[in-house]
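Residues in the sequence shown are numbered consecutively from 2, following the working numbering.
Here's the structure we're looking at; comments come further down.
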Amino acid sequence: MAWHIFIPDSLLEETSDPKIRTYKVGQIGRAAAIFGVEHIWIYKAGGKDGKFIKFVLEYMETPQYLRKALIPLRKELKHVGVLPPLRTPHHKLKGKPKIGEIREGIVIRKGRRLYADIGLDELAIVEGSGEGRMTFKIVSLKPLKVVPSEPEEYWGYRVHLTRKSLAKTLKKANLNLAIATSRKGEDVRKVNLPPLEGEVGFVFGSPRKGIMEILRDFNEDYPFDLILNTIPNQKTKTVRTEEAVLATLAIFNFIRRD
Numbered sequence: 002m003a004w005h006i007f008i009p010d011s012l013l014e015e016t017s018d019p020k021i022r023t024y025k026v027g028q029i030g031r032a033a034a035i036f037g038v039e040h041i042w043i044y045k046a047g048g049k050d051g052k053f054i055k056f057v058l059e060y061m062e063t064p065q066y067l068r069k070a071l072i073p074l075r076k077e078l079k080h081v082g083v084l085p086p087l088r089t090p091h092h093k094l095k096g097k098p099k100i101g102e103i104r105e106g107i108v109i110r111k112g113r114r115l116y117a118d119i120g121l122d123e124l125a126i127v128e129g130s131g132e133g134r135m136t137f138k139i140v141s142l143k144p145l146k147v148v149p150s151e152p153e154e155y156w157g158y159r160v161h162l163t164r165k166s167l168a169k170t171l172k173k174a175n176l177n178l179a180i181a182t183s184r185k186g187e188d189v190r191k192v193n194l195p196p197l198e199g200e201v202g203f204v205f206g207s208p209r210k211g212i213m214e215i216l217r218d219f220n221e222d223y224p225f226d227l228i229l230n231t232i233p234n235q236k237t238k239t240v241r242t243e244e245a246v247l248a249t250l251a252i253f254n255f256i257r258r259d
């Protein structure tokens, strides 16, 4: 099973302070990491911040020791100090390398030889081929050698900026189960939920518009499997998108079986 969340490019439409904007995106990334979301989709909803949201989310997901090599200096980075660290399994501390350890790295070519920066004091010799950012397994300590590998646990999320409307983005994701969140939806406590299997998507609206209103703006419809109120009896007039993401994922985490 893989979890997907869908957020609008208008996520930050009510926020002008650049530090707060960065922090709000950070809350989305942190919630996604806590509950093992593997895909974050940014859909078109009339906003102008899709690229900024994607950039900050990708910055958060990149291990600290790879950021300098992979992420160019940009003005959007000015307030990244407010972002909470993810501390996911692929955000390794330097530590002492171990045989069989999986680490994220970047391939560096020196002549005909390939090396990888995997966040240690020395570069590792790469046995195999590849380029750019990759996942490696340590197979030797003296000398330090790695081979391309697949992670064995949660390894962060991927960010997709589709520049497509919500319905088209959902179709592109090819979900097995699509769940819309809405204050007008069915009380999550009273619904017989289907099995959470395959590709499961949770869809969130913007600060000013709910999901159905966003669909109507683009003359669209989508056959959601469920439309749920995941914060019944809320005592505030509104619930921010980043708050809804955290609350919804927390609820479904209780019934997740994988």
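All C-beta atoms in this analysis are idealised placements derived from N, C-alpha and C, irrespective of residue type, glycine included.
Query                                                                                                               : Result
Integer-rounded CB distance, given that residue 228 should sit under 8 angstroms from residue 203                   : With a Cβ gap of about 12 angstroms, residue 203 and residue 228 do not count as contacting.
Which of helix, strand or coil DSSP assigns to residue 135                                                          : strand
Contacting residues, own chain, Cβ-Cβ under 8 angstroms from residue 19 (five flanking each side not counted)       : 79, 80
Limits of the unbroken alpha helix (DSSP H) element including residue 19                                            : 19-35
Proximal residues to residue 68 (C-beta, below 8 angstroms), its chain only, five neighbours per side dropped       : 60
In DSSP terms, what residue 118 is bridged to                                                                       : 107
Which listed residue (73, 132, 30, 48) has its alpha carbon closest to that of residue 83                           : 30
One or two residues paired with residue 41 in a DSSP bridge                                                         : 6, 160
For residue 204, three-class secondary structure by DSSP                                                            : strand
Nearest candidate by alpha-carbon position, reference residue 241, set 226, 218, 252, 211                           : 211
Top-ranked residue by Cα proximity to residue 125, from 105, 135, 147, 220                                          : 147
Beta-ladder partner(s) of residue 149, from DSSP                                                                    : 137
Whole-angstrom distance between residue 77 and residue 237, CA atom to CA atom                                      : 31 angstroms
Integer-rounded CB distance, given that residue 12 should sit under 8 angstroms from residue 54                     : 6 angstroms
Contact set for residue 154: own chain, Cβ-Cβ below 7 angstroms, skip 5 residues either direction                   : 90
Bridge partners - residue 166, DSSP secondary structure assignment                                                  : 45
Residue burial classification, residue 239 (beta-carbon count within 10 angstroms, cutoff 16)                       : exposed
When 253, 215, 92 are compared against residue 152, the one with the closest alpha-carbon                           : 92
Residue 199 classed as buried or exposed, judged by whether at least 16 other C-beta atoms fall within 10 angstroms : exposed
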